[in-house]
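Note sheet for the following structure.
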Amino acid sequence: MNESDTATPSLASNETLSDRVYEMMVDAIIRGEFAPGSRLIEMELAERFAVSRGPLREAMRHLADRRLIMRTARQGARVSELSAQVWEEISTVRELLESAACRLAAENMSDEEIEQLVDIVEGDAKLVASGRAYYRREDVLDVHFRIVRGARNSIIEDILGRNLYPLIRMYRYQHKLVEGRAERALKEHRAIIEAISQRDGELAQLLMKRHLATSRHLVLEAISSEVATAQ
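Take the sequence shown: its position 42, counting from 1, is numbered 761 in my numbering, and each next residue is one higher.
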């Protein structure tokens with residue numbers, strides 16, 4: 720992963736303090752600074768992020784809503800533990816929604832937006848060719864994010880962007896995929912974008928579904944392998 724993609728996100732002027740703490744905690748959880756299953760102690764977190772308990776608790780509430788942390792009466796807050804079952808569930812929902820978004824993007828994206836998709840993929844290709852792994856945050860430099868936004872469906876964008884993508888990033892970042900996957904993923908991205916540019920929504924939807932299904936299976940294999948190694 721490119722370090723620039725995992726750095727603490729820049730802070731927009733309209734973000735609240737709790738929003739900022741939330742983004743920093745998401746980043747730390749995804750990168751494994753807070754290990755799966757580890758306990759989160761408010762006093763330590765408040766000191767680490769230099770905030771009072773109020774904004775911190777609001778940020779943790781959002782983390783719990785997005786299933787990045789779990790809260791219980793007896794044990795307090797803990798980072799969610801990764802499991803094959805949860806990955807299967809969230810990735811299945813992603814396949815359904817994002818493949819539908821891809822079909823809508825073929826209908827609704829402007830020619831300029833599609834050209835921007837091409838530019839992003841070519842930028843990713845340069846990173847891969849130089850031997851640098853890449854993994855984009857869900858922002859303007861991420862192909863999947865741009866396609867979902869281009870679908871012009873606020874419900875799909877909200878479910879994926881706010882609720883599923885952070886959790887998906889945590890799984891994918893902490894379970895490294897097989898060698899050569901980045902190159903194949905780039906080819907799949909190019910094929911998807913070509914279908915969108917041809918305004919072939921049916922093909923774009925099919926290609927995206929296959930692309931995400933491959934990712935789902937690879938992460939499941941990584942989880943299974945790590946469980947077997949630990950036993």
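Heads up, the beta-carbon is just placed ideally off N, CA and C, and yes, glycines get one too.
- Every alpha helix (DSSP H) stretch that sits fully inside the stretch 864–921 and reaches 4 residues is listed by chain position as 873–877, 884–893 and 900–916.
- DSSP places Val798 within a strand segment (E or B) once states are collapsed to three.
- Contact between the stretch 782–801 and the stretch 739–750 is established, with three or more Cβ pairs separated by less than 8 Å.
- Residue pairing by DSSP places Ile788 opposite Val798 in a beta bridge.
- Restricted to the stretch 757–789, not a single beta strand (DSSP E) segment is unbroken, complete and at least 3 residues in length.
- DSSP places Leu860 outside both helix and strand once states are collapsed to three, so it counts as coil.
- Ranked by Cα distance from Gln924, the first of His863, Tyr892, Leu905 and Ala941 is His863.
- Look at the beta carbons and you see the stretch 876–891 touching the stretch 795–810: at least three pairs across the two are nearer than 8 Å.
- Judged by beta-carbon spacing, Gly751 lies beyond the 8 Å limit of Ala825, meaning their Cβ atoms are not closer than that value.
- Ala844 carries a helical assignment under DSSP once its states are collapsed to helix, strand and coil.
- Annotated three-state conformation of Ala820 is helix, per DSSP.
- Contact check for His930 against Ile911 passes: the beta carbons are separated by less than 8 Å.
- In this structure, the beta-carbon distance from Leu759 to Ala844 does not fall below 8 Å.
- Between the alpha carbons of Ile749 and Pro885 lies a gap of roughly 8 Å.
- Ala778 counts as buried, since no fewer than 16 other beta carbons sit within 10 angstroms of its beta carbon.
- A straight-line Cα-Cα distance of about 44 Å links Ser829 and Leu764.
- Annotation: Ser771 to Leu836 spans about 41 Å, alpha carbon to alpha carbon.
- Around Arg871, the same chain offers Asn827 as residues with beta carbons nearer than 6 Å, after the five sequence neighbours per side are excluded.
- Here Ser829 carries a coil assignment [DSSP, helix/strand/coil].
- With contacts defined by Cβ atoms closer than 8 Å, Arg797 and Ser737 do not form a contacting pair.
- A Cβ-Cβ contact shorter than 8 Å links Leu816 with Ile878.
- Arg793 carries a coil assignment under DSSP once its states are collapsed to helix, strand and coil.
- Take Gly869, set aside five residues on each side of it, and the residues of its chain with a beta-carbon closer than 7 Å to its own are Ala824, Asn827, Met828 and Glu832, in chain order.
- In this structure, the alpha-carbon of Val805 lies about 13 Å from that of Met789.
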